[in-house]
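**Student:** My questions all concern the structure below.
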Amino acid sequence: MASPRNAASGARVTPEVESISSLLLHPLLQDPKFVAAVLAVFLSVVLFTCKPSAKRRVGGRSGTPTVLLVGPADSGKTALFAKLAHGSRTETHTSITPSSTTFSLDSEDPARTAIRLVDIPGHPRLRDEVKRNLKTASAVVFVVDIQALLRNAGAIAEELPPILTTVASASLASGQPTKLLLLASKADLLSRPSPTTPSPTLSASTRQTAADRLSSVLTREMDRLKQSRASTGGRIEGIGRVQSSGGTGLAGLWKRFFGGRGGGDVDDAELEEDETLVWGGRGTFRWEDVEGVEIAWGVSALGAVKAVGEEGEGLDEVREWLRSV
Amino acid sequence: MLDHVSISHQSGLILWSRSFTPAFASLAQTPASPVNALVREVFIEGKVRGEDASFERDGYNVRWTMENGLGLVFVVVFPALLPLTYIPALLTRTKQLFLSLFQQYIQTLVDTLSATSGVLTEAAGSALRVLQQRMDDERWAQIFDRCLRNCEGDQARRPAQTPISLHRQAQLSAASGASTPGVPDTPTDSVTAEEIAKNVEALKSKMKGGRGKGGKGTGQTPSPSPSRKTGAAAKLMRKWGDSQVSAGDMAALDYSTPAPETPNGQGTPIDVEALVSRDAMGQRSKDGQYEVADWDFRGGKRAAAEDLPSEEEILARGTSRLTIDDKEDKEEVAGSSWSGIFSRLTGSKVLSKQDLQPVLAEMEKHLMDKNVAKDISEKMCDSVGAALVGKKLGGLSSVKSEVQSSLSSALTRVLTPKTSTDLLLDIQRKRSASTVSYDNALPDPYTLTFVGVNGVGKSTNLSKVCFWLLQNGLRVLIAACDTFRSGAVEQLRVHVRNLGALQDELGVGEKKVELYERGYGKDAAGIAKDAITYAKENKFDVVLIDTAGRMQDNEPLMRALAKLVTVNNPDKIIFVGEALVGNEAVDQLTKFDRALKDFSGAGTGGGQRKRGIDGIILTKFDTIDDKVGAALSMTYVTGQPILFVGCGQTYTDLRQLRVNHIVQALLN
Numbered sequence: 001m002a003s004p005r006n007a008a009s010g011a012r013v014t015p016e017v018e019s020i021s022s023l024l025l026h027p028l029l030q031d032p033k034f035v036a037a038v039l040a041v042f043l044s045v046v047l048f049t050c051k052p053s054a055k056r057r058v059g060g061r062s063g064t065p066t067v068l069l070v071g072p073a074d075s076g077k078t079a080l081f082a083k084l085a086h087g088s089r090t091e092t093h094t095s096i097t098p099s100s101t102t103f104s105l106d107s108e109d110p111a112r113t114a115i116r117l118v119d120i121p122g123h124p125r126l127r128d129e130v131k132r133n134l135k136t137a138s139a140v141v142f143v144v145d146i147q148a149l150l151r152n153a154g155a156i157a158e159e160l161p162p163i164l165t166t167v168a169s170a171s172l173a174s175g176q177p178t179k180l181l182l183l184a185s186k187a188d189l190l191s192r193p194s195p196t197t198p199s200p201t202l203s204a205s206t207r208q209t210a211a212d213r214l215s216s217v218l219t220r221e222m223d224r225l226k227q228s229r230a231s232t233g234g235r236i237e238g239i240g241r242v243q244s245s246g247g248t249g250l251a252g253l254w255k256r257f258f259g260g261r262g263g264g265d266v267d268d269a270e271l272e273e274d275e276t277l278v279w280g281g282r283g284t285f286r287w288e289d290v291e292g293v294e295i296a297w298g299v300s301a302l303g304a305v306k307a308v309g310e311e312g313e314g315l316d317e318v319r320e321w322l323r324s325v
Numbered sequence: 001m002l003d004h005v006s007i008s009h010q011s012g013l014i015l016w017s018r019s020f021t022p023a024f025a026s027l028a029q030t031p032a033s034p035v036n037a038l039v040r041e042v043f044i045e046g047k048v049r050g051e052d053a054s055f056e057r058d059g060y061n062v063r064w065t066m067e068n069g070l071g072l073v074f075v076v077v078f079p080a081l082l083p084l085t086y087i088p089a090l091l092t093r094t095k096q097l098f099l100s101l102f103q104q105y106i107q108t109l110v111d112t113l114s115a116t117s118g119v120l121t122e123a124a125g126s127a128l129r130v131l132q133q134r135m136d137d138e139r140w141a142q143i144f145d146r147c148l149r150n151c152e153g154d155q156a157r158r159p160a161q162t163p164i165s166l167h168r169q170a171q172l173s174a175a176s177g178a179s180t181p182g183v184p185d186t187p188t189d190s191v192t193a194e195e196i197a198k199n200v201e202a203l204k205s206k207m208k209g210g211r212g213k214g215g216k217g218t219g220q221t222p223s224p225s226p227s228r229k230t231g232a233a234a235k236l237m238r239k240w241g242d243s244q245v246s247a248g249d250m251a252a253l254d255y256s257t258p259a260p261e262t263p264n265g266q267g268t269p270i271d272v273e274a275l276v277s278r279d280a281m282g283q284r285s286k287d288g289q290y291e292v293a294d295w296d297f298r299g300g301k302r303a304a305a306e307d308l309p310s311e312e313e314i315l316a317r318g319t320s321r322l323t324i325d326d327k328e329d330k331e332e333v334a335g336s337s338w339s340g341i342f343s344r345l346t347g348s349k350v351l352s353k354q355d356l357q358p359v360l361a362e363m364e365k366h367l368m369d370k371n372v373a374k375d376i377s378e379k380m381c382d383s384v385g386a387a388l389v390g391k392k393l394g395g396l397s398s399v400k401s402e403v404q405s406s407l408s409s410a411l412t413r414v415l416t417p418k419t420s421t422d423l424l425l426d427i428q429r430k431r432s433a434s435t436v437s438y439d440n441a442l443p444d445p446y447t448l449t450f451v452g453v454n455g456v457g458k459s460t461n462l463s464k465v466c467f468w469l470l471q472n473g474l475r476v477l478i479a480a481c482d483t484f485r486s487g488a489v490e491q492l493r494v495h496v497r498n499l500g501a502l503q504d505e506l507g508v509g510e511k512k513v514e515l516y517e518r519g520y521g522k523d524a525a526g527i528a529k530d531a532i533t534y535a536k537e538n539k540f541d542v543v544l545i546d547t548a549g550r551m552q553d554n555e556p557l558m559r560a561l562a563k564l565v566t567v568n569n570p571d572k573i574i575f576v577g578e579a580l581v582g583n584e585a586v587d588q589l590t591k592f593d594r595a596l597k598d599f600s601g602a603g604t605g606g607g608q609r610k611r612g613i614d615g616i617i618l619t620k621f622d623t624i625d626d627k628v629g630a631a632l633s634m635t636y637v638t639g640q641p642i643l644f645v646g647c648g649q650t651y652t653d654l655r656q657l658r659v660n661h662i663v664q665a666l667l668n
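So the protein lines, in turn, are chains S and A. Per UniProt numbering, the very first residue in the first sequence carries number 1; after that it's consecutive. Per UniProt numbering, the very first residue in the second sequence carries number 1; after that it's consecutive.
Okay, structure coming up:
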């Protein structure tokens with residue numbers, strides 16, 4: 001560490017020395033020599049001590065609870081997010097990136113009612129995000145467009161088992177049940193004539209229709225899924241981890257030193273998550289059988305896009321549920 | 001004439017949008033809107049590369065530009081039939097104006113949207129409302145209108161603009177109540193001769209560019225009088241709005257006219273004339289032909305500019321901030337890397353193309369080493385680069401790690417299937433659907449067709465799939481439609497015998513697998529049809545159709561394959577490809593897909609939907625170590641999922657793809 005030239009001349013003898021030299025050749029450390037190197041070491045120490053603790057804080061169920069908005073695309077997640085977190089009804093298009101905001105449900109008691117709301121894109125190609133975020137979530141809202149549910153019930157229901165599985169195994173690991181709200185959004189579009197106020201109050205009959213439709217369709221589809229998936233015979237395994245041909249460079253060294261405890265092994269453990277947690281025993285599918293998940297049902301109304309006028313009670317059910325988180 | 005303009009954030013929030021036709025206004029709110037299609041297909045699925053390429057959907061042409069630092073998307077939609085050449089200029093101009101006006105407010109909003117910590121901030125709840133309020137205050141709608149008019153050099157489209165100016169007028173009167181006059185009005189007092197000259201020059205250069213492209217448009221309007229009339233009408237209406245807002249300002253600006261004329265519309269012609277006489281002098285001497293267009297154009301600009309801050313001023317506001325950034329950059333380049341380290345720590349290092357270039361080139365080479373096809377690795381790296389330029393480098397992360405993480409997520413996105421890969425569920429659905437519709441009729445069997453080039457393992461993997469289906473208690477019929485290669489039928493016969501023996505061993509009474517064969521040299525489509533009929537009569541659940549291997553360039557054979565598909569309409573067409581291929585993978589898949597789509601659609605008069613490849617089986621995966629690039633190439637080309645991976649010699653050597661394993665292997 002005293003002189004970079006010494007280290008550089010000793011390179012290519014053993015991998016350890018090579019790592020130091022490549023560190024020093026890094027553009028960050030090249031110029032201000034010794035002090036910069038010390039600074040970098042110091043910073044990396046700071047980084048490594050801070051990062052896990054930060055992770056723990058978010059991951060733990062203490063502090064601000066994290067609520068996830070998941071569900072198929074075009075079901076109104078971003079609209080719900082904007083309305084809840086920003087208090088305004090805006091137009092939206094298909095999301096590309098997840099967004100998250102911490103806000104308080106009750107302005108009088110901001111500290112205790114604060115929640116972190118995360119809106120996750122619903123496009124199937126971005127399914128990866130759902131899984132990554134589910135680990136830190138203490139509650140999940142599965143948003144379903146009640147009108148689209150009739151058209152492609154199968155595709156919508158098919159998104160549920162992976163979510164349920166991840167949630168179930170996460171809550172089994174932490175010992176705390178995770179809450180899941182199955183939300184029929186855009187329920188106001190079922191009533192005729194369509195109301196034009198933002199988050200209109202739903203009539204009892206509309207609310208009932210939406211709730212019934214959601215639960216009957218989803219239960220039917222989940223039952224069908226169970227029939228085809230719950231059988232253990234003839235299951236196809238996933239491919240194993242592809243052996244890399246000897247990690248070179250810093251990453252390889254890191255792995256060699258610390259026993260290959262990279263991100264991959266953690267993922268491997270999660271892949272073993274079993275869908276049996278979801279399917280329960282024999283017979284038809286029952287929501288109570290899903291282990292470690294408290295399932296609730298809800299209906300929300302989020303008016304037409306260009307709505308003006310008095311706010312209704314269309315979102316009260318969601319707010320109430322969020323308060324209970 | 002445009003249809004729709006929107007400015008939105010990547011999280012899906014539309015910050016500002018306008019539809020110019022009522023039809024599009026209602027379309028824009030549905031999931032089927034072209035903007036949604038653009039986001040899905042271009043940004044998420046990555047079908048079109050680059051902002052130069054346009055995206056067409058339902059007769060609309062969509063152009064866009066991104067602002068990566070803030071994650072903003074600027075989209076313009078216009079009819080596909082109109083060759084509007086000024087759109088790129090409009091997009092850049094709009095982007096510049098919008099950013100220089102609202103950058104700090106957007107920054108607050110974006111910060112609240114990406115807040116990972118659980119800290120409650122005051123600004124979080126109101127950021128969106130503040131931005132919207134701010135847009136009203138600055139009269140962004142009008143600024144945009146002016147920008148649009150400036151870009152529209154074409155006079156023929158003027159009449160169509162009148163409803164907008166009406167709309168604008170209504171907005172103006174609404175906004176005038178809310179806006180405080182202080183901010184936008186003061187700058188107009190200082191419109192000096194110098195600034196006018198600057199504007200004139202900027203406009204001239206812009207007009208020259210516009211004329212070069214849109215020469216046809218100006219040629220179409222031979223008589224100057226109608227355009228002049230409509231231009232005057234538009235101005236009159238604008239004056240109505242102006243006189244309400246800032247009559248005093250007009251008086252202050254208009255040095256030549258006497259005071260009593262200003263409050264009325266009377267003042268307008270004099271005002272414009274004065275401007276014209278000044279501006280036209282230089283213009284006339286050069287070229288008389290386009291003089292009218294120039295005049296009108298500038299006149300419109302002048303009239304609008306009176307109450308709004310000029311574009312140059314708006315931009316100047318923005319650049320004053322930017323120059324500070326530039327200074328930092330310069331210091332970084334010139335001086336010690338201390339400031340570089342410092343700026344990185346504070347997160348102000350902005351990624352530029354030059355920073356990314358070497359890393360991207362390295363990544364591209366790395367991907368090609370992993371047997372990814374050349375143009376695919378190029379495209380992947382290009383799109384990753386395009387998404388990173390302008391982003392701020394946070395904390396201590398190096399350019400390389402930033403590129404790596406964003407490449408990793410891009411790879412995951414490509415490899416993640418967008419349709420269901422659950423074959424069993426599909427089979428079950430089909431069965432229940434056909435039993436619901438006809439009570440007594442026998443259910444239709446589920447048909448899978450295996451296609452591919454020679455020797456990739458179609459028959460072998462067909463038998464593996466067959467074994468898996470048998471394990472799940474389904475009855476399977478294998479149709480030997482490879483009537484060309486000698487021994488093909490015998491090969492399948494052996495497989496069926498083996499599978500049958502396995503079934504016996506596992507203790508299943510009923511015979512569950514059969515081979516349907518009609519020898520060699522016959523028409524494959526006919527055999528497949530007979531096989532499906534046979535399967536239906538004998539209550540088979542699944543029919544697996546084995547086809548002859550063929551090279552993708554052999555048109556007669558590809559036509560024959562398309563005929564088989566057209567006649568039998570299988571539920572899934574599965575392309576079998578070996579993991580050993582490199583650049584060839586792209587060619588194989590595109591040509592198979594293309595041929596199937598072209599030839600199968602043509603056969604039945606277009607009534608039937610065109611069929612492409614529905615899924616991929618990647619074979620010989622055990623032979624490639626970590627060179628798993630073919631998996632990426634194949635999914636990238638078709639957008640279809642890899643259903644299975646074949647990785648050995650026995651019936652059980654069939655696996656499902658694990659996306660993160662492939663991504664890891666690719667990046668390792």
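Glycine is no exception: its CB is placed at the ideal position from the N, C-alpha and C atoms. Remember, predicted model here, so these are calculated numbers, not experimental data.
Would you please state the rounded distance, in angstroms, between the beta carbons of S646/A and K620/A? I believe it to be under 8 Å.
**Tutor:** Counting from one through the second sequence, the residue named residue 646/A turns up at place 646. Counting from one through the second sequence, the residue named residue 620/A turns up at place 620. With the sequence shown as reference, residue 646/A is identified as Gly, and Ser is not the correct amino acid for it. Their Cβ separation, rounded to whole angstroms, is 7 Å, which keeps G646/A and K620/A in contact under 8 Å.
**Student:** Can you pull the chain S residues whose beta carbon is under 7 Å from the beta carbon of T412/A, in chain order?
**Tutor:** For the purposes of this step, residue 412/A is taken as residue 412 along the second sequence, with counting starting at 1. What T412/A touches in chain S: D128.
**Student:** Below 6 Å CB to CB, which residues in the same chain sit around G390/A once its five sequence neighbours on both sides are set aside?
**Tutor:** Stepping through the second sequence from its first residue, residue 390/A is reached at position 390. Only N68 and G69 meet the Cβ criterion.
**Student:** Once DSSP output is grouped into helix, strand and coil, what is the label at M66/A?
**Tutor:** The residue labelled residue 66/A in the question sits at position 66 within the second sequence. Looking at M66/A - three-state DSSP - the assignment turns out to be strand.
**Student:** Are D614/A and I573/A closer than 8 Å when you measure CB to CB?
**Tutor:** To locate residue 614/A, count along the second sequence from 1; it is residue 614. To locate residue 573/A, count along the second sequence from 1; it is residue 573. Going by C-beta atoms, D614/A is nearer than 8 Å to I573/A.
**Student:** In the DSSP assignment, the alpha helix (DSSP H) including K620/A goes from what residue to what residue?
**Tutor:** Locating residue 620/A in the second sequence gives position 620, where the first residue counts as 1. From DSSP, K620/A is part of no alpha helix (DSSP H); its letter is neither H nor E.
**Student:** Hey, quick one: how far does the beta strand (DSSP E) through H9/A stretch, first residue to last?
**Tutor:** Within the second sequence, residue 9/A is the residue found at index 9, counting from 1. Note, H9/A: beta strand (DSSP E), H4 to H9.
**Student:** Taking the CB atoms as reference points, tell me whether A296/S and K179/S lie closer together than 8 Å.
**Tutor:** The sequence position of residue 296/S within the first sequence is 296, counting from 1. The sequence position of residue 179/S within the first sequence is 179, counting from 1. Against a cut-off of 8 Å, the Cβ pair of K179/S and A296/S comes out as a contact.
**Student:** Just the Cα atoms here: how many angstroms apart are D119/S and R224/S?
**Tutor:** Mapped onto the first sequence, residue 119/S falls at position 119. Mapped onto the first sequence, residue 224/S falls at position 224. Using only the alpha carbons, I get a separation of about 29 Å.
**Student:** Which residues in the same chain as A139/S place their Cβ atom closer than 6 Å to its Cβ, once the five residues preceding and following it in sequence are excluded?
**Tutor:** The count along the first sequence starts at 1 and reaches residue 139/S at position 139. The residues are V67, K179 and V325.
**Student:** With DSSP collapsed to three states, give me the class of V645/A.
**Tutor:** Here the question's residue 645/A lines up with position 645 in the second sequence. Three-state result, V645/A: strand.
**Student:** So that I know if they touch, is there some Cβ in chain S lying closer than 8 Å to that of K379/A?
**Tutor:** To locate residue 379/A, count along the second sequence from 1; it is residue 379. Taking Cβ atoms only, chain S never reaches closer than 8 Å to K379/A, which makes this a no.
**Student:** Nearest chain A C-beta to S138/S closer than 8 Å, yes or no?
**Tutor:** Position 138 of the first sequence, counted from the start, is the residue given in the question as residue 138/S. Judged by the 8 Å Cβ criterion, S138/S is not in contact with chain A.
**Student:** Just checking, does the segment 539 to 549 of chain A make contact with the segment 452 to 466 of chain A on the three C-beta pairs under 8 Å criterion?
**Tutor:** Cβ pair count under 8 Å is three or more, so yes.
**Student:** Which one or two residues does DSSP pair with L183/S in a beta bridge?
**Tutor:** As a first step, residue 183/S must be located in the first sequence, where it is residue number 183. V143/S and G298/S.
**Student:** Could you spell out where the alpha helix (DSSP H) holding I662/A opens and where it closes?
**Tutor:** Along the second sequence, one-based indexing puts residue 662/A at 662. I662/A -> alpha helix (DSSP H) spans V659 to L667.
**Student:** With 8 Å set as the bound, which would you pick, yes or no: does the beta-carbon of C647/A sit closer than that to a beta-carbon of chain S?
**Tutor:** If you number the second sequence from 1, residue 647/A lands on position 647. Closer than 8 Å to some Cβ of chain S, the Cβ of C647/A qualifies, so yes.
**Student:** Any beta-carbon of chain A closer than 8 Å to the one on R224/S?
**Tutor:** For this step, residue 224/S is matched to residue 224 along the first sequence. Judged by the 8 Å Cβ criterion, R224/S is in contact with chain A.
**Student:** Counting beta carbon pairs with one atom in the segment 415 to 423 of chain A and one in the segment 508 to 517 of chain A, are three or more of them shorter than 8 Å?
**Tutor:** No contact exists between the segment 508 to 517 of chain A and the segment 415 to 423 of chain A.
**Student:** Against chain S, with Cβ distances strictly below 8 Å, would N36/A count as a contact?
**Tutor:** The count along the second sequence starts at 1 and reaches residue 36/A at position 36. So, interface residue.
**Student:** Flag this pair as touching only if the segment 529 to 542 of chain A and the segment 472 to 482 of chain A have three or more C-beta atom pairs under 8 Å; answer yes or no.
**Tutor:** The segment 529 to 542 of chain A is in contact with the segment 472 to 482 of chain A.
**Student:** Taking its Cβ as the centre, do 16 or more other Cβ atoms sit within 10 Å of P570/A, making it buried, or is it exposed?
**Tutor:** Numbered from 1 along the second sequence, position 570 holds the residue referred to as residue 570/A. Answer is buried; the Cβ neighbour count reaches 16.
**Student:** So what's T30/A in DSSP terms, helix, strand or just coil?
**Tutor:** Locating residue 30/A in the second sequence gives position 30, where the first residue counts as 1. Coil.
**Student:** Check this for me: beta carbons of A170/S and K135/S, under 8 Å apart or not?
**Tutor:** For the purposes of this step, residue 170/S is taken as the residue at position 170 of the first sequence. For the purposes of this step, residue 135/S is taken as the residue at position 135 of the first sequence. Contact: yes.
**Student:** Is Q649/A buried or exposed, if buried means 16 or more other CB atoms sit within 10 Å of its CB?
**Tutor:** Stepping through the second sequence from its first residue, residue 649/A is reached at position 649. The residue is exposed, with fewer than 16 neighbouring Cβ atoms inside 10 Å.
**Student:** Does DSSP put G246/S in a helix, in a strand, or in coil?
**Tutor:** Residue 246/S sits at position 246 when you count from the first residue of the first sequence. Its pLDDT being 48, under 50, G246/S is placed unreliably in this model, and the value from its coordinates should be taken loosely. Residue state, collapsed to three classes: coil.
**Student:** Quick one: does L91/A have its CB under 8 Å from some CB of chain S?
**Tutor:** Walking along the second sequence from the start, residue 91/A turns up at place 91. No, L91/A does not count as interfacial toward chain S.
**Student:** From this set, F98/A, L90/A, L448/A and R431/A, which residue's C-alpha is nearest residue 673/A's C-alpha?
**Tutor:** No answer is possible for residue 673/A: it lies beyond the span of chain A, which begins at 1 and ends at 668.
**Student:** Look up Q656/A in the DSSP assignment and give the residues it is bridged to.
**Tutor:** Locating residue 656/A in the second sequence gives position 656, where the first residue counts as 1. Bridge partners of Q656/A: G238/S.
**Student:** Measuring only the C-alpha atoms, how far is A32/A from T652/A?
**Tutor:** The sequence position of residue 32/A within the second sequence is 32, counting from 1. The sequence position of residue 652/A within the second sequence is 652, counting from 1. The alpha-carbon atoms of A32/A and T652/A are separated by roughly 43 Å.
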